[in-house]
Amino acid sequence: MIKSIVFTCAVLLCCSLSHADDELLEKIMKEGFKGKTSPMAKVVKSEATPAETKTLTDLVHSMKGTKAPIGDQADYDKRVSTLIASLDAVAKGDHSEKALGALKKASDCKSCHSEHRPKH
Ligand code: HEC
């Protein structure tokens with residue numbers, strides 16, 4: 006009996022934690038990535054204002070340590086850290102083709118979604 010109560014609590018705690026990451030990721034996607042005029046769309050075209058760049062950097066940095074909604078966690082972590090590194094380079098002022106190309110690749114929507122975005 007006690008065992009099953011402890012188990013239920015553990016399951017609830019676990020689910021509410023991963024749910025929190027889902028909400029955070031949805032917020033990051035909506036505010037940072039979604040649409041042709043999103044901060045990400047502008048940053049890859051070198052059209053973002055410093056404020057938009059900062060918003061995006063903050064959002065993307067907060068992806069670090071989140072749990073992959075689905076798929077291999079190690080693959081997800083690698084994608085997130087590559088994304089952070091390539092965004093930081095551009096945010097620090099490197100607008101070379103190489104830096105922007107690396108960011109474009111790291112922010113590729115389909116490539117990450119096909120592995121880690123839950124299908125509803
Ligand atoms: C490094 C991984 C990654 C990249 C790159 C990425 N996404 Fe996502 N995206 C996710 C994950 C994970 C979710 C699922 C979040 C959830 O529901 O838990 C998601 C969900 C979304 C959603 C749905 C949010 C909602 O309200 O449920 C939108 C819209 C979205 N992404 C847009 C984009 C666009 C546009 C790009 C490219 C410019 C992009 N994403 C690039 C990981 C990524």
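Residues in the sequence shown are numbered consecutively from 6, following the numbering used here. Backbone N, C-alpha and C fix where the C-beta goes; we use that ideal spot for every residue, glycine too. All values reported here derive from a predicted model rather than from experimental measurement.
Between Lys97 and the set Ser51, Met34 and Leu30, the nearest pair of CA atoms involves Ser51.
For the set Ala46, Glu36 and Glu120, the Cα lying nearest the Cα of Asp63 is the one of Glu36. Secondary structure at Ala73: coil, using DSSP grouped into helix, strand and coil. Comparing C-alpha distances from Asp113 to each of Thr87, Lys124 and Asp27 shows the shortest one belongs to Thr87.
Close CB contacts of Ala73 within its chain, under the 6 Å cut and outside five residues either way in sequence, are with Tyr81 and His121 (chain order). Residue state for Lys97 is assigned as coil, using DSSP reduced to three classes.
In the structure shown, the three-state DSSP call for Asp113 is coil.
Inclusion of Lys69 and Val85 in the CB contact set at 8 Å is warranted, their separation being smaller than that value. Under the three-state reduction of DSSP output, Arg122 falls in the coil class, being neither helix nor strand.
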